[in-house]
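Chains as they are written, first to last, in my numbering: chain A, 1 to 224; chain B, 1 to 297.
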């Protein structure tokens with residue numbers, strides 16, 4: 001699905017990480033941990049071709065991400081659902097319209113009516129469908145971001161600190177949604193600080209935990 | 001064609017993805033309206049000048065004046081000879097010797113009403129009207145020099161040429177102004193579109209995150225600016241036509257300031273202005289959008 005081969009990235013003369021290799025196989029579940037500033041978000045952005053590696057090769061669905069033009073990047077994004085920590089909504093649209101946005105921009109807006117109701121209920125946001133994003137709580141926004149990420153039935157879901165702004169109960173709910181998606185065959189990559197969430201997930205599924213520290217990506221140790 | 005149709009029909013959901021930004025809306029509509037208004041006035045003046053100059057030139061082209069030497073001893077004989085030559089010249093449809101009163105009226109603006117015409121050696125003038133087809137001015141000139149010595153034929157070329165030249169220049173200036181107006185509209189809309197794109201950088205980032213192609217993002221801006229420019233230009237054209245209709249009307253052949261406006265097929269041009277404004281806005285916004293999106297990668 002997504003493959004990083006000896007990838008290095010840095011900016012302003014500073015190397016963030018170097019010679020990192022990672023393969024996200026179909027149906028796999030990965031957690032990415034590490035201290036703040038280690039480059040977790042950057043690594044995720046490389047995975048969905050939002051950044052280009054300084055060195056090494058990133059392959060997205062078999063294609064060299066560095067050689068993709070902007071339209072090809074857009075097409076690859078339609079196969080990758082991204083959940084940001086700050087959700088990134090269009091505040092002038094309703095939650096329903098925001099969730100349907102990936103379908104709208106890909107010319108499949110007519111499909112939204114069928115999927116939207118089911119999806120809103122799946123993430124428990126049926127009553128909030130017509131509210132604007134600023135009117136929702138942090139947890140509700142995260143669930144809406146997850147719904148938006150999956151509405152086009154992507155092959156890969158990449159989530160950056162999806163539980164960063166929510167309480168324990170909500171983080172468990174989000175995690176269970178992600179596990180459900182993984183059981184449906186979706187490839188999941190989550191960057192998180194939340195070790196408790198990782199432990200909870202590992203009791204339910206076979207997840208690989210990676211740690212990004214001092215510019216290197218390693219398998220997480222026995223602390224998990 | 002398909003792109004144009006899609007642009008006109010639009011996609012309500014796509015339109016909603018980019019919020020309306022008040023400042024650029026007002027700026028685009030205002031600039032388009034003002035420029036369309038100026039274009040209407042320029043066109044009206046240009047067409048009127050051209051029309052009047054053409055009328056004057058046509059009148060002059062179909063007439064000539066023969067001036068006979070002011071010698072009282074030979075005046076009557078020369079007049080008879082001249083009339084004889086003129087009346088037998090192909091293409092000359094009417095010949096008339098000006099009366100003494102008419103000649104006095106012509107000189108009055110320079111010498112006053114009390115001019116003693118009898119006491120002055122004033123040349124006899126003959127007005128000639130031609131049909132323009134069979135009329136051979138050089139042939140007539142040759143016959144006159146042989147049969148009416150000292151007669152001078154003025155075919156008004158000296159007057160007509162600068163008049164036509166001036167009209168052509170006014171027309172050229174008019175079209176240059178229209179081109180400048182078009183360029184100004186394009187520049188202003190480019191600036192407004194760039195401001196709108198810069199102001200919506202976060203929205204563009206979100207649209208890209210969910211898989212929007214550049215063409216999709218650009219289309220939302222292009223459609224909006226095209227419709228705004230067309231709407232603003234329509235308002236400007238209506239105001240311009242209203243102002244033109246308030247201009248004093250009269251016989252345009254007597255004064256350039258009378259009869260400023262449009263006639264016949266000329267009406268097509270002001271009606272085309274909103275369409276042209278839309279076309280200018282379409283290409284200006286499209287170029288600005290794609291450039292900005294390239295830079296925002």
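All C-beta atoms, glycine included, are put in the ideal place defined by N, C-alpha and C.
CB contact flag (residue i, residue j, <8 Å)
i, j, result
"residue 143 of chain B", "residue 85 of chain B", "yes"
"residue 230 of chain B", "residue 278 of chain B", "yes"
"residue 207 of chain A", "residue 17 of chain A", "no"
"residue 44 of chain A", "residue 191 of chain A", "yes"
"residue 157 of chain A", "residue 150 of chain A", "yes"
"residue 49 of chain A", "residue 24 of chain A", "no"
"residue 172 of chain A", "residue 145 of chain A", "no"
"residue 97 of chain B", "residue 117 of chain B", "no"
"residue 175 of chain A", "residue 197 of chain A", "yes"
"residue 26 of chain A", "residue 163 of chain A", "no"
"residue 32 of chain A", "residue 177 of chain A", "no"
"residue 211 of chain B", "residue 105 of chain A", "yes"
"residue 282 of chain B", "residue 222 of chain B", "yes"
"residue 108 of chain A", "residue 123 of chain A", "no"
"residue 73 of chain A", "residue 2 of chain A", "no"
"residue 34 of chain A", "residue 212 of chain A", "yes"
"residue 128 of chain B", "residue 170 of chain B", "no"
"residue 60 of chain B", "residue 159 of chain B", "yes"
"residue 133 of chain B", "residue 64 of chain B", "no"
"residue 110 of chain A", "residue 161 of chain A", "no"
"residue 115 of chain B", "residue 106 of chain B", "no"
"residue 125 of chain A", "residue 135 of chain A", "no"
CA nearest to the CA of residue i, picked from the options
i, options, result
"residue 306 of chain B", "A:157, A:65, A:79 and A:70", "No information on residue 306 of chain B is available, as it lies outside the stretch 1 to 297 that chain B covers here."
"residue 37 of chain B", "B:271, B:283 and B:293", "B:271"
"residue 47 of chain B", "B:137, B:213, B:178 and B:195", "B:178"
"residue 192 of chain B", "B:32, B:16, B:15 and B:133", "B:32"
"residue 130 of chain B", "B:83, B:224 and B:90", "B:90"
"residue 56 of chain A", "A:21, A:89, A:85 and A:31", "A:21"
"residue 71 of chain B", "B:111, B:100, B:121 and B:109", "B:121"
"residue 133 of chain A", "A:108, A:98, A:106 and A:122", "A:98"
"residue 184 of chain B", "B:25, B:138, B:208 and B:30", "B:30"
"residue 246 of chain B", "B:234, B:259 and B:236", "B:259"
"residue 184 of chain A", "A:153, A:161, A:202 and A:211", "A:153"
"residue 150 of chain B", "B:167, B:124 and B:137", "B:124"
"residue 127 of chain A", "A:94, A:51 and A:107", "A:94"
"residue 273 of chain B", "B:128, B:28, B:236 and B:115", "B:236"
"residue 232 of chain B", "B:25, B:290 and B:16", "B:25"
"residue 238 of chain B", "B:35, B:225, B:248 and B:77", "B:35"
"residue 205 of chain B", "A:6, A:90 and A:63", "A:90"
"residue 75 of chain A", "A:52, A:203 and A:63", "A:63"
"residue 27 of chain B", "B:99, B:190 and B:280", "B:190"
"residue 102 of chain A", "A:11, A:9 and A:78", "A:78"
"residue 129 of chain A", "A:138, A:137, A:116 and A:139", "A:116"
"residue 164 of chain B", "B:23, B:49 and B:136", "B:49"
"residue 280 of chain B", "B:267, B:290 and B:227", "B:227"
CB-CB length for residue i against residue j, believed under 8 Å
i, j, result
"residue 293 of chain B", "residue 187 of chain B", "So it is not a contact: roughly 20 Å between Cβ atoms."
"residue 275 of chain B", "residue 40 of chain B", "With 8 Å as the limit, residue 275 of chain B and residue 40 of chain B do not qualify as a contact, their Cβ atoms being about 14 Å apart."
"residue 82 of chain B", "residue 66 of chain B", "6 Å"
"residue 167 of chain B", "residue 53 of chain B", "3 Å"
Endpoints, the alpha helix (DSSP H) within which residue i is located
i, result
"residue 226 of chain A", "One cannot answer for residue 226 of chain A here, as it falls past the ends of chain A, which runs 1 to 224."
"residue 166 of chain A", "From DSSP, residue 166 of chain A is part of no alpha helix (DSSP H); its letter is neither H nor E."
"residue 70 of chain A", "70 to 77"
"residue 145 of chain B", "137 to 147"
"residue 198 of chain A", "195 to 202"
"residue 93 of chain B", "Here residue 93 of chain B belongs to no alpha helix (DSSP H); instead the beta strand (DSSP E) covers 92 to 97."
"residue 151 of chain A", "From DSSP, residue 151 of chain A is part of no alpha helix (DSSP H); its letter is neither H nor E."
"residue 188 of chain A", "That residue, residue 188 of chain A, is in no alpha helix (DSSP H); its beta strand (DSSP E) goes 187 to 191."
"residue 122 of chain B", "Taken as a continuous stretch (DSSP letters only), residue 122 of chain B belongs to no alpha helix (DSSP H), as it is neither H nor E."
"residue 216 of chain B", "214 to 246"
"residue 88 of chain A", "Per DSSP, residue 88 of chain A belongs to no alpha helix (DSSP H) and is neither H nor E."
"residue 104 of chain B", "100 to 111"
Coarse secondary structure for residue i, derived from DSSP in three states
i, result
"residue 28 of chain A", "coil"
"residue 216 of chain A", "strand"
"residue 156 of chain A", "strand"
"residue 132 of chain A", "coil"
"residue 13 of chain A", "coil"
"residue 88 of chain B", "coil"
"residue 209 of chain A", "strand"
"residue 263 of chain B", "coil"
"residue 63 of chain A", "strand"
"residue 49 of chain B", "helix"
N-terminal and C-terminal residue of the beta strand (DSSP E) that residue i is part of
i, result
"residue 57 of chain A", "55 to 60"
"residue 64 of chain B", "63 to 67"
"residue 81 of chain A", "80 to 83"
"residue 154 of chain B", "152 to 154"
Cβ of residue i within 8 Å of any chain D Cβ
i, result
"residue 45 of chain A", "As a matter of chain content, chain D is missing from the structure shown, whose protein chains are A and B."
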